[in-house]
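Trainee: Pasting a structure here, questions to come.
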Amino acid sequence: MMATREAVAGVVFDVQPERRRLKGQIFLWACFAATCVAVVLLAVLLVDILRQGATRLSVDFLNSYPSRFPERAGIKSALFGTMWTVAFTGLISFPLGVGAAIYLEEYAPRNWLTRVLETNIANLAGVPSIVYGVLGLAVFVRAMSLGRSVLAGAATLALLILPIVIISSQEAIRAVPPSIREAGYGVGATKWQTLQHLVLPIAFPGVLTGMILALSRAIGETAPLIMIGALTFIAFTPNTPLDEFTVLPIQIFNWTARPQAGFHELAAAGIIVLLVALLSMNALAIILRNRLRKEI
Amino acid sequence: MGKLDLPAFEGTEEPRHIMVHDDPVLETRDLDIYYGSTRAIHSISITVPRKRITALIGPSGSGKSTVLRAFNRMNDVIPIAWCKGAVLFNGEDIYAPEVDAVEVRRRIGMVFQKPNPFPKSNFDNVAFGLRVNRYAGDIAERVEEALRRAALWDEIKDRLKDSALGLSGGQQQRLCIARALAVEPDVILMDEPASALDPIATGRIEELMQELKENYTIVIVTHNMQQAARVADFTAFMNLGQLIEYGETQKIFTGPDDQRTEAYITGRFG
Amino acid sequence: MADAATSSAVAQTGRHTLALSAARRWKERGVRSALFACGAVSILTTVGIVLVLLWESVGFFREVSAWEFFTGTKWTPLFKPQNFGVLPLVAGSLLVAVGASIIALPVGLASAIYLAEYAPSRARKILKPILEILAGIPTVVYGYFALTFITPLIRQIFPGTGVFNAASAAIVVGVMIVPMVASLSEDALHAVPRSLREASYGLGATKFETVTRVVVPAALSGIVASFILAISRAIGETMAVTLAAGATPKLTFNPLESIQTMTAYVVQVSLGDTPFGTIEYRTIFAVGLLLFIITLSMNIASRFILRRFREVYE
Chain A
0 MMATREAVAG VVFDVQPERR RLKGQIFLWA CFAATCVAVV LLAVLLVDIL
50 RQGATRLSVD FLNSYPSRFP ERAGIKSALF GTMWTVAFTG LISFPLGVGA
100 AIYLEEYAPR NWLTRVLETN IANLAGVPSI VYGVLGLAVF VRAMSLGRSV
150 LAGAATLALL ILPIVIISSQ EAIRAVPPSI REAGYGVGAT KWQTLQHLVL
200 PIAFPGVLTG MILALSRAIG ETAPLIMIGA LTFIAFTPNT PLDEFTVLPI
250 QIFNWTARPQ AGFHELAAAG IIVLLVALLS MNALAIILRN RLRKEI
Chain B
0 MGKLDLPAFE GTEEPRHIMV HDDPVLETRD LDIYYGSTRA IHSISITVPR
50 KRITALIGPS GSGKSTVLRA FNRMNDVIPI AWCKGAVLFN GEDIYAPEVD
100 AVEVRRRIGM VFQKPNPFPK SNFDNVAFGL RVNRYAGDIA ERVEEALRRA
150 ALWDEIKDRL KDSALGLSGG QQQRLCIARA LAVEPDVILM DEPASALDPI
200 ATGRIEELMQ ELKENYTIVI VTHNMQQAAR VADFTAFMNL GQLIEYGETQ
250 KIFTGPDDQR TEAYITGRFG
Chain C
0 MADAATSSAV AQTGRHTLAL SAARRWKERG VRSALFACGA VSILTTVGIV
50 LVLLWESVGF FREVSAWEFF TGTKWTPLFK PQNFGVLPLV AGSLLVAVGA
100 SIIALPVGLA SAIYLAEYAP SRARKILKPI LEILAGIPTV VYGYFALTFI
150 TPLIRQIFPG TGVFNAASAA IVVGVMIVPM VASLSEDALH AVPRSLREAS
200 YGLGATKFET VTRVVVPAAL SGIVASFILA ISRAIGETMA VTLAAGATPK
250 LTFNPLESIQ TMTAYVVQVS LGDTPFGTIE YRTIFAVGLL LFIITLSMNI
300 ASRFILRRFR EVYE
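Residue numbers (numbering that gives the first Met the number 0), protein chains in the order written: chain A, 0 to 295; chain B, 0 to 269; chain C, 0 to 313.
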């Protein structure tokens, strides 16, 4: 049935089905290979880091302070600094971000001001993290005289992740069906009462998941904290939010930048700790989302 | 709009009231079409005569579009759709393993319910099929001829380079017809081609169908009975995935054999 | 009848019985204002960024001419003699961004095409999360990978390459932005309606022809927008380039040389002991302002393209 050249009522097509099919196959494989490039590189990266860093992982590593001698160095200060920083970043960005999201979804009129607000948030999401660092340096470290403290770092990171928190919270609130709100109004509840008792509890899992994902972004940030002066050789853990501090990514950065090979292994070990923390946070977010969603 | 409350066709009776044509251009033999494990089309055997207009009518969900799409293997695009039985084009089974669906679709063209021109120029829309099938002649000439046959040339001959999305609904549909005509198919399948158009545009499409049947076989699915009565030479009535009756349009609409057909025609359901 | 009852009740209590109590009304207004204030923080952030950058930059440009800054080809603010031509930094950022794009744009688009058009659902379920993981890895990890794995590899293939080189950074930044290109392009491809694909198949086109001649052109505005966003991200990248690309501002197009990007320079100055209020300190803000303007323009351009050229299928 399928001739390569067909003359139908004087119309000639050089259909070439085999050649066209072959082209399609090659293209498919090329696209598949491209997708695998990312997978392969991820695997290589992880294997390499595991190989380099696994030897250094130990309880001592987690419990020691950095040192000039690679054998004795550990990430205790960085680990605690990270925990302090992430905690305060969450404390600052959660109310601000969720509040802004509630405003935009529930209260804001559909006018130009609201559009400016939303465009602005979208723009902020694309600003390089180092610019936030510059902002934090000038405003929190200098103008508000917070110095090189956990609080200054947390405030800077909070601003950095605020667009993420807002946008993901907006989506969670938007996903609540309008019928719930109408039910609330129908029994005479005010807007805030409806939100507080009906809408937000339903949106909560989504909001929480978004928050955890935003914090997992914050945990890996280096440049803004370097800008505000988080130091790279700290031999103590913070006791108050106004203390100086360091974080895991900065410690990793510091060790990577040293030419001696011993420090590279330390950096790899630190990366493993950081990635484990990230993986846990993401897993937590997914578990929470699934568990809480089932209860509705 | 309700469903007809008559006993379902068991599949064991002999098909009655089904006309059979000699030398049909398209034919199905005991065609079953499944979506996953659900059987949507039950054992349909139908013959489509050459250079005539054949209409498939029936209520929503009767499977008319599914059968239509089986004729040019368009159901292949849906991953969970599969079929049993034979679909023959000029006597050859188009679902045979060595058959290339791509070539089938060039020879059996399709016009869709909602006009779907590509977001390209009018010219590029009509030329698209020619280019992918490597037409060996003058593309511009062929585009003009296709547009003339679709009764659209005079209206857009000065606007060939403009975007097709700027045309009215009726014009877009005629552009899609021209696009299908350009690759010189033997059969044109039309899935409710005028349902998204206003009455005037619908009238022009129906006129066009009458002109086209001189050179092409046309199979049309329509939920508009009056349309089938107006344009079709032969009409098939389907319900719940089964072929109930098939014969000359005149007979179907004035004196159908099956009471289910009559119930549909007289508007008692559907 | 109802009016008579209502008006007598109003007369009695001095307020409409259907109105909210004053306390509830104030609470509602208070909540609304508080929430608005939360939203306003984002405006304050933008204002803060602009003000801070402009303030110190004004101070900078009082001492350094804009002409020298934008056209000078030597950047040595931390050494004597001081030169303030920013072009080497811009060239460094561009070199890395272009190199990253050469890798990420084709790979990302091809991945998007595979995931959107070809991949069976089982493959998608595995591959999409992997891309998300790739996107979530901190940039300092990519920097480590560049310095300890990629650079030695490059030096084996091209002996004579320095320990710091732009190519190594460009490669990892490219890998870093592949998920972004893939995800946004995939969304654009998904948005193309099925009827266009069916129209193409109906004319006897193969899947390859349909994808390349109908679907991708129809999704072009979204794909281009994703490209621009990815390049902007590459320009703003800091840690990988700081670790791997070097600290030597140089106007060169040779990827095997060490360079310095705008972002890496800002980090370098912060790590040093630069006193506040000096010209060296102000360079942070001048370079920061330039970086901000470049990335902001690209992000706005990307959204503009998306909106303006989005094909309407109605």
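Even glycine gets a Cβ: it sits at the ideal position worked out from N, Cα and C.
Is proline 204 of chain A close to chain B? Criterion is C-beta to C-beta, closer than 8 Å.
Mentor: Translated into positions along the first sequence, residue 204 of chain A becomes position 205. Output row for proline 204 of chain A: interface = no.
Trainee: Could you work out which residue in A:Leu123, A:Gln169, A:Ala72, A:Phe93 is closest to serine 296 of chain C when comparing CA atoms only?
Mentor: Looking up residue 296 of chain C in the third sequence gives position 297. Here the closest residue by C-alpha is A:Leu123.
Trainee: Would you call the CB atoms of alanine 145 of chain C and alanine 36 of chain C closer than 8 Å?
Mentor: Within the third sequence, the letter at position 146 stands for residue 145 of chain C. Within the third sequence, the letter at position 37 stands for residue 36 of chain C. The answer is no: Cβ separation not under 8 Å.
Trainee: Run the CB neighbour count on lysine 160 of chain B, radius 10 Å, all protein chains shown included, and call it buried at 16 or more, exposed below.
Mentor: Reading the second sequence from its first residue, position 161 is the one you call residue 160 of chain B. That one is exposed.
Trainee: Kindly identify the DSSP beta-bridge partner or partners of serine 162 of chain B.
Mentor: For the purposes of this step, residue 162 of chain B is taken as residue 163 along the second sequence, with counting starting at 1. In the DSSP output, where bridge partners are listed per residue, serine 162 of chain B has B:Ser120.
Trainee: Determine whether the Cβ of lysine 113 of chain B lies closer than 8 Å to any Cβ atom of chain C.
Mentor: Locating residue 113 of chain B in the second sequence gives position 114, counting from the first residue. For lysine 113 of chain B, the answer is yes, since a Cβ of chain C falls inside 8 Å of its Cβ.
Trainee: Is tryptophan 54 of chain C buried or exposed, if buried means 16 or more other CB atoms sit within 10 Å of its CB?
Mentor: Translated into the one-based positions of the third sequence, residue 54 of chain C becomes position 55. Result: exposed.
Trainee: According to DSSP, simplified to helix, strand and coil, what is histidine 196 of chain A?
Mentor: Within the first sequence, numbered from 1, the residue matching residue 196 of chain A stands at position 197. Three-state DSSP puts histidine 196 of chain A in a helix.
Trainee: Note down, in chain order, each residue of its chain lying with its Cβ closer than 7 Å to the Cβ of alanine 284 of chain A, except the 5 sequence neighbours on either side.
Mentor: On the first sequence, position 285 is the one that residue 284 of chain A refers to. Hits under 7 Å: Thr208, Ile211, Leu212.
Trainee: Could you check whether the Cβ of glutamate 27 of chain C sits closer than 8 Å to any Cβ belonging to chain A?
Mentor: On the third sequence, position 28 is the one that residue 27 of chain C refers to. Glutamate 27 of chain C counts as touching chain A.
Trainee: Return the CA-CA distance between isoleucine 270 of chain B and glutamine 225 of chain B, expressed in angstroms with no decimal places.
Mentor: Residue 270 of chain B lies beyond the stretch modelled for chain B, which goes from 0 to 269, so this question has no answer here.
Trainee: With asparagine 71 of chain B and valine 47 of chain B assumed to form a contact (beta carbons below 8 Å), what rounded beta-carbon distance in angstroms separates them?
Mentor: Here the question's residue 71 of chain B lines up with position 72 in the second sequence. Here the question's residue 47 of chain B lines up with position 48 in the second sequence. Actually they are not in contact, since the Cβ atoms of asparagine 71 of chain B and valine 47 of chain B sit about 12 Å apart, beyond 8 Å.
Trainee: With 9 Å as the C-beta to C-beta threshold (strictly closer), list the residues of the stretch 164-193 of chain B near chain C in chain order.
Mentor: Against chain C - using a Cβ distance shorter than 9 Å - the residues of the stretch 164-193 of chain B are Leu164, Cys175, Arg178, Ala179, Ala181, Val182, Pro184, Leu188.
Trainee: So that I know if they touch, is there some Cβ in chain C lying closer than 8 Å to that of tyrosine 64 of chain A?
Mentor: Taking the first residue of the first sequence as 1, we reach residue 64 of chain A at position 65. For tyrosine 64 of chain A, the answer is no, since every Cβ of chain C falls outside 8 Å of its Cβ.
Trainee: Give the interface partners of valine 101 of chain B over in chain A, defined as CB-CB distance under 9 Å, in chain order.
Mentor: Locating residue 101 of chain B in the second sequence gives position 102, counting from the first residue. Per Cβ cutoff of 9 Å: Val14, Pro16, Arg19, Arg20.
Trainee: Which runs of the alpha helix (DSSP H) at least 4 residues long sit entirely within the stretch 162-199 of chain B? Give them in chain order.
Mentor: You should have 168-181.
Trainee: Taking only beta-carbon atoms, is valine 11 of chain A less than 8 Å away from chain F?
Mentor: Of the protein chains in the structure, A, B and C, none is chain F.
Trainee: Give the C-beta separation of aspartate 256 of chain B and histidine 16 of chain B to the nearest angstrom, bearing in mind that I take them to be a contact with Cβ-Cβ under 8 Å.
Mentor: On the second sequence, residue 256 of chain B is found 257 positions in, with the first residue counted as 1. On the second sequence, residue 16 of chain B is found 17 positions in, with the first residue counted as 1. Their Cβ separation, rounded to whole angstroms, is 4 Å, which keeps aspartate 256 of chain B and histidine 16 of chain B in contact under 8 Å.
Trainee: Nearest to glycine 245 of chain C by CA position, among C:Thr251, C:Thr237, C:Ile258, is which residue?
Mentor: Indexing the third sequence from 1 puts residue 245 of chain C at position 246. The shortest C-alpha separation from glycine 245 of chain C is found at C:Ile258.
Trainee: Answer yes or no: do leucine 150 of chain A and phenylalanine 87 of chain A have a C-beta to C-beta separation smaller than 8 Å?
Mentor: Taking the first residue of the first sequence as position 1, residue 150 of chain A is located at position 151. Taking the first residue of the first sequence as position 1, residue 87 of chain A is located at position 88. Yes.
Trainee: Since leucine 40 of chain A meets chain C, which of its residues come closer than 7 Å, beta carbon to beta carbon?
Mentor: For the purposes of this step, residue 40 of chain A is taken as residue 41 along the first sequence, with counting starting at 1. Here the neighbours are Val174.
Trainee: So threonine 262 of chain C and leucine 290 of chain C are in contact, right, with Cβ under 8 Å, and what is the actual spacing, rounded?
Mentor: As a first step, residue 262 of chain C is located in the third sequence; it is residue number 263 there, counting from the start. As a first step, residue 290 of chain C is located in the third sequence; it is residue number 291 there, counting from the start. The pair is a contact, with the Cβ atoms about 7 Å apart (cut-off 8 Å).
Trainee: Along chain A, in chain order, which residues have C-beta atoms closer than 8 Å to that of arginine 133 of chain B?
Mentor: To locate residue 133 of chain B, count along the second sequence from 1; it is residue 134. Per Cβ cutoff of 8 Å: Phe12, Asp13, Val14, Gln15.
Trainee: Check whether the Cβ atoms of isoleucine 129 of chain A and alanine 222 of chain A lie closer than 8 Å to each other.
Mentor: Locating residue 129 of chain A in the first sequence gives position 130, counting from the first residue. Locating residue 222 of chain A in the first sequence gives position 223, counting from the first residue. Yes, the pair counts as a contact, with Cβ atoms nearer than the cut-off.
Trainee: Can you check whether the C-beta of lysine 55 of chain C is within less than 8 Å of a C-beta belonging to chain B?
Mentor: Residue numbering aside, residue 55 of chain C sits at position 56 when the third sequence is read from its first letter. One detail in the question is off: residue 55 of chain C reads as glutamate in this sequence, not lysine. It does not: the Cβ of glutamate 55 of chain C has no partner Cβ on chain B nearer than 8 Å.
Trainee: Distance, Cα to Cα, phenylalanine 262 of chain A vs tyrosine 280 of chain C?
Mentor: Counting from one through the first sequence, the residue named residue 262 of chain A turns up at place 263. Counting from one through the third sequence, the residue named residue 280 of chain C turns up at place 281. Approximately 30 Å between the Cα atoms of the pair.
Trainee: Here's the rule: buried if 16 or more other CB atoms are within 10 angstroms of the residue's CB, otherwise exposed. What is leucine 152 of chain C?
Mentor: Walking along the third sequence from the start, residue 152 of chain C turns up at place 153. Leucine 152 of chain C should be labelled exposed.
Trainee: Would you please verify whether the beta carbon of methionine 0 of chain B is less than 8 Å from any beta carbon of chain C?
Mentor: Your numbering for residue 0 of chain B matches position 1 in the second sequence. At methionine 0 of chain B the pLDDT is 36, less than 50, meaning the model places this residue with poor confidence; the figure from the coordinates comes in the next sentence. No, methionine 0 of chain B does not count as interfacial toward chain C.
Trainee: Quick one: does lysine 382 of chain C have its CB under 8 Å from some CB of chain A?
Mentor: This structure does not reach residue 382 of chain C, given that chain C is present from 0 up to 313, and the question cannot be answered.
Trainee: Give the straight-line distance between the Cα atoms of threonine 72 of chain C and phenylalanine 83 of chain C, rounded to the nearest whole angstrom.
Mentor: As a working note, residue 72 of chain C is residue 73 in the third sequence. As a working note, residue 83 of chain C is residue 84 in the third sequence. Near 8 Å, if we compare the C-alpha coordinates of phenylalanine 83 of chain C and threonine 72 of chain C.
Trainee: What's the gap between the Cα of alanine 153 of chain A and the Cα of isoleucine 234 of chain C?
Mentor: Your numbering for residue 153 of chain A matches position 154 in the first sequence. Your numbering for residue 234 of chain C matches position 235 in the third sequence. Cα to Cα, alanine 153 of chain A sits roughly 25 Å from isoleucine 234 of chain C.
Trainee: Within this structure, are the beta carbons of alanine 182 of chain A and alanine 202 of chain A separated by less than 8 Å?
Mentor: Within the first sequence, the letter at position 183 stands for residue 182 of chain A. Within the first sequence, the letter at position 203 stands for residue 202 of chain A. No, the Cβ-Cβ distance between alanine 182 of chain A and alanine 202 of chain A is not below 8 Å.
Trainee: Residues of chain B with CB closer than 8 Å to the CB of alanine 217 of chain C, please, in chain order.
Mentor: Translated into positions along the third sequence, residue 217 of chain C becomes position 218. In chain order: Phe117, Pro118.
Trainee: Would asparagine 121 of chain B pass as an interface residue toward chain C - the criterion being a Cβ-Cβ separation below 8 Å?
Mentor: Looking up residue 121 of chain B in the second sequence gives position 122. So no, asparagine 121 of chain B is outside the interface.
Trainee: Since proline 69 of chain A and leucine 273 of chain A should fall inside the 8 Å C-beta cutoff, what is the C-beta to C-beta distance between them, to a whole number of angstroms?
Mentor: The count along the first sequence starts at 1 and reaches residue 69 of chain A at position 70. The count along the first sequence starts at 1 and reaches residue 273 of chain A at position 274. That pair is no contact at about 18 Å.
Trainee: With a 10 Å radius around its C-beta and 16 neighbouring C-beta atoms as the bar for buried, classify asparagine 132 of chain B as buried or exposed.
Mentor: Position 133 of the second sequence holds residue 132 of chain B. It is buried - the Cβ of asparagine 132 of chain B has at least 16 other Cβ atoms within 10 Å.
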